[in-house]
Structure formats: structure tokens, C-alpha cells
Amino acid sequence: MKKILIFSFLLAATSISYSALENSAVESTMNITATIIKPLTVQVDGALDFGNILASSTSHAYSSFTVKGEENAKVKISFDNLSSDGSSFTVPIYSNNKDFFNITFNCTAKNNPGNLLNHTNNTIILTDGGEVMLRIAATAQPRLNQTPGRYTGQITMRATYE
Numbered sequence: 002m003k004k005i006l007i008f009s010f011l012l013a014a015t016s017i018s019y020s021a022l023e024n025s026a027v028e029s030t031m032n033i034t035a036t037i038i039k040p041l042t043v044q045v046d047g048a049l050d051f052g053n054i055l056a057s058s059t060s061h062a063y064s065s066f067t068v069k070g071e072e073n074a075k076v077k078i079s080f081d082n083l084s085s086d087g088s089s090f091t092v093p094i095y096s097n098n099k100d101f102f103n104i105t106f107n108c109t110a111k112n113n114p115g116n117l118l119n120h121t122n123n124t125i126i127l128t129d130g131g132e133v134m135l136r137i138a139a140t141a142q143p144r145l146n147q148t149p150g151r152y153t154g155q156i157t158m159r160a161t162y163e
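Going by the working numbering, the sequence shown opens with residue 2, and the numbers climb by one from there.
Structure below.
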């Protein structure tokens with residue numbers, strides 16, 4: 002009987018202490034917010050077409066990309082797998098027989114001419130209308146002994162919100 006009384010007393014004491022701890026709990030509420038923004042889109046405005054070029058001559062071509070998204074947003078621009086000398090990028094173009102030569106190009110925002118984009122200066126700000134045209138100016142200078150034929154390549158531009 003003594004053991005039952007002691008057990009009952011211990012059980013009652015633990016129940017009281019748990020309910021006392023439960024009553025001392027505090028609460029706080031956290032607000033949750035989210036803003037949905039427009040997805041970025043990149044549109045190629047035309048091919049970079051040099052036309053017919055004589056070996057060892059210099060030719061120029063121009064085109065552009067248009068980036069659209071959230072108004073006044075900061076957007077980081079990069080060109081996949083291309084080397085840069087700080088103001089220009091270099092991309093190879095190849096013929097069917099695997100001969101190649103390099104094209105150099107630079108990129109500048111239409112609303113910020115003269116400010117060339119590169120690996121370190123790679124942020125643009127979209128306009129109040131949520132877009133920016135990025136102009137591409139390219140130069141081709143094949144070698145004197147360049148194999149005649151059609152040469153092709155690609156530039157892949159990536160835009161991401163900052």
C-alpha cells in the first residue's frame with residue numbers, strides 16, 4: 002500500500018509540473034510575404050551574318066538580344082563558355098571540315114551606349130517598360146590561308162535576376 006501511495010504521489014507531482022511548464026509557454030507570430038515577378042525572357046533579334054568574306058579581310062556584323070522582365074530590375078548578363086579580354090568576347094566558328102577562325106564581339110545596352118558588358122561589368126537595369134536591347138557588334142578576320150567554305154557558330158547569352 003505504501004508503494005502505491007508513493008507511486009500515486011510521484012505521478013501526481015509529474016503531472017502538475019508538466020502542466021505548469023505548459024502554462025509558461027509563449028507564442029509569437031511571423032508574417033509571411035511573397036512577391037511574384039515576371040519571368041525573364043531573352044529574344045534573339047537576328048543572326049550575326051557576315052555574308053561573303055575574302056580570306057585575310059576584315060568584316061563586321063551587327064545584331065542584338067532583347068531582354069524582358071520586371072520593370073527596373075537588375076539583371077546579370079553572361080555569355081556561356083566564352084573568353085573575354087575585358088571589352089570583347091571571342092567565339093570560334095567552324096566549317097564542315099573542322100577548320101575554324103575566331104569572331105570577336107562586344108555587347109552594350111542600347112540605353113547605355115559605350116558601357117561594354119564583360120565578366121566584371123555584367124549588370125544591366127531593365128527600363129520602366131521592363132526591357133533592354135543589348136547590341137552586339139562583331140568582327141571577323143579569317144586567316145590568309147583560311148579554307149573556303151561556310152562557317153557557323155553560336156553565342157549563348159544568359160540573363161538572370163540579381
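Every residue, glycine too, gets a C-beta built ideally from N, C-alpha and C.
Item: DSSP three-state label for K77, please.; Value: strand
Item: Can you find at least 3 beta carbon pairs, one from the region 152-163 and one from the region 35-51, that sit closer than 8 Å?; Value: yes
Item: In whole angstroms, what separates the C-alpha of N98 from that of V92?; Value: 18 Å
Item: Taking DSSP as the reference, what is the three-state secondary structure of M134?; Value: strand
Item: Straight-line CA distance for G130 to L117?; Value: 22 Å
Item: For N119, I'd like the list of residues in its chain whose CB is within less than 6 Å of its CB, leaving aside the five on either flank, ordered along the chain.; Value: S85 and G87
Item: Which residues does DSSP pair with A110 in a beta bridge?; Value: L135
Item: Counting along the chain, where does the beta strand (DSSP E) carrying R159 start and finish?; Value: M158 to Y162
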